[in-house]
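Here the structure is laid out as structure tokens; the discussion comes afterwards.
Number of protein chains: 2
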Amino acid sequence: MSLEEIDNLFYLLENPTRRRILQLLSRERLYPLQLSREIDVSQQAVVKHLRILEEHGMVASRDEPSDRGPNRRVYRASRSVSLHIDVGPTTFREQAAPMAEDAELSTEQLRIRSAIAEARNMEPSARMDLLARVGEDLRHSLRDHEQKRQQLLALISELNREVGRCSRKADCSYDERRLLHHMLQNPSYTIEGAAAALGLREAEVRLLLAGLEERGLAR
Amino acid sequence: MSLEEIDNLFYLLENPTRRRILQLLSRERLYPLQLSREIDVSQQAVVKHLRILEEHGMVASRDEPSDRGPNRRVYRASRSVSLHIDVGPTTFREQAAPMAEDAELSTEQLRIRSAIAEARNMEPSARMDLLARVGEDLRHSLRDHEQKRQQLLALISELNREVGRCSRKADCSYDERRLLHHMLQNPSYTIEGAAAALGLREAEVRLLLAGLEERGLAR
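Here it is as structure tokens:
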């Protein structure tokens, strides 16, 4: 997703009330009064947040008949998206991606999916037991996964430190260092692309590149 | 990290200018004028953002002697943290964690770390080649990793849908469904904990639990 979309997701998700609303709507359809009661925010404020979320496709609504009185508008979460940011002394990564509900599964994961489906024929208590167990396994895998991701990020951070050392040792200018970073992040960089990304003219990029080549930092 | 800390990180990172500042400071120390030029925002605004980031420990500064004129204040990114949120029709996860710079590495990862360190004795061009190659590998691993995480999230989302089906089939009340979700997310839940999380009295939770047990949804 583009930088603009990342900005937009941050704007939508920064608000704690909007995040609580999305959390509740990820479990079931609710109407504004229920949301207002559960998160202890005025119904007026809830409606305002729902409007913003709906404008951005995060929730969808429809009118449903009510037992007492006129139809009421019921909301559900409607958009799957992940927003991740990692910041640190030598790390910066931000990304947003639609969640792939149809992600290709491994054999082990297909087995889990079958188990979830088969549970439908079980007695309620056995079914809930199985779902609880599978849930715990999945949350455990996710934690493992987070840890491995941390390891990868630690290595990337170390690599970035090393590139920094390298460019300092070679007495690179500020723009040379910027170009070097751009080249390392974009192995198939072009002069035009680098110029656009760094806000330089193409002639300047060529000059910087020549300087880096001279010192063996690029070729 | 607590919900309050997640709120706080969203507040700090939602602002696009602050994110650009952190991105630039993750590469090298810079002073406000450099930041202002690079992101095309007034120096006054940059200084304001730096003050907020520093108050929250995201950046640190120190005075450095300048070639021309008085000392100048130089900033660097100082805090490692990851913020992740996944939202969707049956998914809601938000988490913030300090990045573990000293994460325990696998054998393969230790090999990569050694390669990075050994590169220090190489000629500049060979060194940059190696760092570029390692960087590409790591970014590739990270992408693989994201994909596997998506698969896990897809399964968790499927599980949540199934739990929803289960509770609808058993004609659970709204509070019963809330309790059921709480129990599944917290396998070692307590009556006290559930009451606090759901904003109910303990007596109410006991009553709901009895109802769920009667229908075989809890035991």
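Protein sequences, first through last, are from chains B and C. Per the numbering used here: the first sequence = residues 550 to 768. Per the numbering used here: the second sequence = residues 550 to 768. Where is the CB? At the ideal position from N, CA and C, for every residue including glycine.
Using the rule of at least 16 other Cβ atoms within 10 Å of the residue's Cβ for burial, across every protein chain shown, is Asn709(C) buried or exposed?
Translated into positions along the second sequence, residue 709(C) becomes position 160. With 16 or more Cβ atoms within 10 Å of its Cβ, Asn709(C) is classed as buried.
Assigned exposure category for Met607(C) - 16 Cβ within 10 Å defines buried
Start at 1 with the first residue of the second sequence, and residue 607(C) comes out as number 58. Around the Cβ of Met607(C), a 10 Å sphere holds 16 or more other Cβ atoms; the residue is buried.
Just tell me which of Gly748(C), Ile705(C), Ala752(C), Leu758(C) has its CA closest to the CA of Ile588(B).
Taking the first residue of the first sequence as position 1, residue 588(B) is located at position 39. For the set Gly748(C), Ile705(C), Ala752(C), Leu758(C), the Cα lying nearest the Cα of Ile588(B) is the one of Gly748(C).
Give the DSSP bridge partners of Glu762(B), in chain order.
Within the first sequence, numbered from 1, the residue matching residue 762(B) stands at position 213. DSSP lists no bridge partner for Glu762(B).
Within a Cβ cutoff of 6 Å, which residues of the same chain sit near Met677(C), ignoring the five residues on either side of it in sequence?
Residue 677(C) sits at position 128 when you count from the first residue of the second sequence. Cβ neighbours of Met677(C) beyond the five flanking positions: none.
Give me the subset of the segment 672-692 of chain B whose CB atoms are less than 7 Å from a CB atom of chain C, sorted by chain position.
Residues of the segment 672-692 of chain B with a C-beta less than 7 Å from any C-beta of chain C: Glu672, Pro673, Ser674, Arg676, Met677, Leu680, Ala681, Val683, Gly684, Glu685, Leu687, Ser690, Leu691, listed in chain order.
Return the CA-CA distance between Glu685(C) and Leu691(C), expressed in angstroms with no decimal places.
Counting from one through the second sequence, the residue named residue 685(C) turns up at place 136. Counting from one through the second sequence, the residue named residue 691(C) turns up at place 142. Between the alpha carbons of Glu685(C) and Leu691(C) lies a distance of about 10 Å.
Is Asp720(B) close to chain C? Criterion is C-beta to C-beta, closer than 8 Å.
Within the first sequence, numbered from 1, the residue matching residue 720(B) stands at position 171. At a cut-off of 8 Å between beta carbons, Asp720(B) makes no contact with chain C.
Could you tell me which uninterrupted beta strand (DSSP E) segments, each at least 3 residues in length, are contained entirely in the segment 653-714 of chain C, listed from first to last along the chain?
None, since the segment 653-714 of chain C contains no complete beta strand (DSSP E) of that length.
Partner residues on chain B for Asp635(C), Cβ-Cβ distance less than 7 Å
In the second sequence, counting from the first residue as 1, residue 635(C) sits at position 86. Per Cβ cutoff of 7 Å: Ser631, Met648.
Output the boundary residues of the alpha helix (DSSP H) element that contains Thr566(B).
If you number the first sequence from 1, residue 566(B) lands on position 17. Per DSSP, Thr566(B) belongs to the alpha helix (DSSP H) from 565-574.
Ala719(B) to Ser551(B), Cα distance in whole Å?
In the first sequence, the residue the question calls residue 719(B) occupies position 170. In the first sequence, the residue the question calls residue 551(B) occupies position 2. Approximately 34 Å, taken between the alpha carbons.
Inter-residue spacing [alpha-carbon to alpha-carbon] between Arg628(C) and Ala609(C):
The residue labelled residue 628(C) in the question sits at position 79 within the second sequence. The residue labelled residue 609(C) in the question sits at position 60 within the second sequence. For Arg628(C) and Ala609(C), the distance between alpha carbons rounds to 9 Å.
Beta-ladder partner(s) of Ala803(B), from DSSP:
No statement about residue 803(B) is possible, as the shown extent of chain B runs from 550 to 768 and does not include it.
First and last residue of the uninterrupted beta strand (DSSP E) at Glu741(C)
Looking up residue 741(C) in the second sequence gives position 192. In this chain, Glu741(C) is not harboured by any beta strand (DSSP E); it is covered by the alpha helix (DSSP H) spanning 740-747.
On a Cα-Cα basis, can you pick out the residue from Ser591(C), Glu725(C), Arg714(C) that is closest to Ala666(B)?
Taking the first sequence and counting its residues from 1, the one referred to as residue 666(B) is at position 117. Ranked by Cα distance from Ala666(B), the first of Ser591(C), Glu725(C), Arg714(C) is Arg714(C).
With 8 Å as the C-beta to C-beta threshold (strictly closer), list the residues of the segment 735-768 of chain C near chain B in chain order.
Within the segment 735-768 of chain C, the qualifying residues are Pro736, Gly748, Arg764, Gly765, Leu766, Ala767, Arg768.
Looking only at DSSP bridge pairs, what is His633(B) linked to?
Numbered from 1 along the first sequence, position 84 holds the residue referred to as residue 633(B). Under DSSP, His633(B) forms a beta bridge with Gln644(B), His633(C).
Looking at the structure shown, is Glu577(B) part of a helix, part of a strand, or coil, going by DSSP?
Against the first sequence, residue 577(B) aligns to sequence position 28. Coil at Glu577(B), not helix or strand.
What is the C-beta distance between Arg568(B) and Glu695(C), in whole angstroms, given that I count them as a contact (C-beta under 8 Å)?
Locating residue 568(B) in the first sequence gives position 19, counting from the first residue. Locating residue 695(C) in the second sequence gives position 146, counting from the first residue. The Cβ separation is near 22 Å, so there is no contact.
Taking 8 Å as the cut-off, does the segment 657-672 of chain C touch the segment 617-628 of chain B (at least 3 CB pairs, one atom from each stretch)?
A contact between stretches requires three or more CB pairs, one per stretch, nearer than 8 Å, and the segment 617-628 of chain B fails this requirement with the segment 657-672 of chain C.
Strictly under 8 Å for the Cβ-Cβ distance: is Ala626(C) near chain B by that measure?
Along the second sequence, one-based indexing puts residue 626(C) at 77. Cβ-Cβ to chain B under 8 Å: yes for Ala626(C).
Evaluate His605(B) with the Cβ neighbour count: other Cβ atoms within 10 Å of its Cβ, from every protein chain shown; 16 or more gives buried, anything less gives exposed.
Along the first sequence, read from residue 1 onward, the residue named residue 605(B) stands at position 56. Exposed is the call here.
Proximity winner among Gly742(C), Asp612(C), Glu707(C), relative to His731(C) (alpha-carbon distances)
To locate residue 731(C), count along the second sequence from 1; it is residue 182. Of the candidates Gly742(C), Asp612(C), Glu707(C), the one whose C-alpha sits nearest the C-alpha of His731(C) is Gly742(C).
Rounding to the nearest angstrom, what Cα-Cα distance links Leu729(B) and Asp693(B) in this structure?
Along the first sequence, one-based indexing puts residue 729(B) at 180. Along the first sequence, one-based indexing puts residue 693(B) at 144. Asp693(B) has its alpha-carbon roughly 34 Å from the corresponding atom of Leu729(B).
Would you list, in chain order, the members of the segment 555-578 of chain B that have their beta-carbon closer than 7 Å to a beta-carbon of chain C?
Legend: CB atoms of the segment 555-578 of chain B lying less than 7 Å from CB atoms of chain C belong to residues Asp556, Phe559, Tyr560, Leu562, Glu563, Pro565, Arg568, Leu571, Gln572, Ser575, Arg576, Glu577.
So which residues on chain B does Gln658(C) lean against when the C-beta distance must stay under 7 Å?
What you label residue 658(C) is simply residue 109 of the second sequence in a count that begins at 1. Neighbours of Gln658(C) on chain B, chain order: Gln700, Leu704.
When the cut-off is 8 Å and only beta carbons count, does Ser591(C) lie next to chain B?
Reading the second sequence from its first residue, position 42 is the one you call residue 591(C). For Ser591(C), the answer is no, since every Cβ of chain B falls outside 8 Å of its Cβ.
Using a cut-off of 8 Å between C-beta atoms, extract the partners of Arg726(C) located in chain B.
Taking the second sequence and counting its residues from 1, the one referred to as residue 726(C) is at position 177. For a Cβ distance threshold of 8 Å, residue set Arg576, Glu577 of chain B lies close to Arg726(C), ordered along the chain.
Test: Lys697(C) CB closer than 8 Å to a CB of chain B:
For the purposes of this step, residue 697(C) is identified with residue 148 of the second sequence, where counting begins at 1. Yes, Lys697(C) lies at the interface with chain B (some Cβ there is under 8 Å from its Cβ).
For Gly637(B), I'd like the list of residues in its chain whose CB is within less than 7 Å of its CB, leaving aside the five on either flank, ordered along the chain.
Against the first sequence, residue 637(B) aligns to sequence position 88. Correct list, in chain order: Ser706.
Would Asp724(C) and Leu766(C) be called neighbours here (beta carbons separated by less than 8 Å)?
Position 175 of the second sequence holds residue 724(C). Position 217 of the second sequence holds residue 766(C). One thing to note: Asp724(C) has its Cβ no nearer than 8 Å to the Cβ of Leu766(C).
Could you check whether Phe559(C) and Leu562(B) sit closer than 8 Å to each other, using their CB atoms as the reference points?
For the purposes of this step, residue 562(B) is identified with residue 13 of the first sequence, where counting begins at 1. For the purposes of this step, residue 559(C) is identified with residue 10 of the second sequence, where counting begins at 1. Result yes, Cβ atoms of Leu562(B) and Phe559(C) sit closer than 8 Å.
Residues that Ser655(C) contacts on chain B, provided the C-beta gap is smaller than 9 Å:
Position 106 of the second sequence, counted from the start, is the residue given in the question as residue 655(C). Residues of chain B passing the Cβ test: Lys697, Gln700.
Helix, strand or coil, according to DSSP, for Arg750(C) in the structure here?
Counting from 1 along the second sequence, the entry for residue 750(C) is found at position 201. Reduced to three states, the DSSP call for Arg750(C) is coil.
For a contact meaning CB atoms closer than 8 Å, what does Arg662(C) contact in chain B?
Reading the second sequence from its first residue, position 113 is the one you call residue 662(C). The contact set of Arg662(C) on chain B, defined by CB atoms closer than 8 Å, consists of Leu704, Glu707 in chain order.
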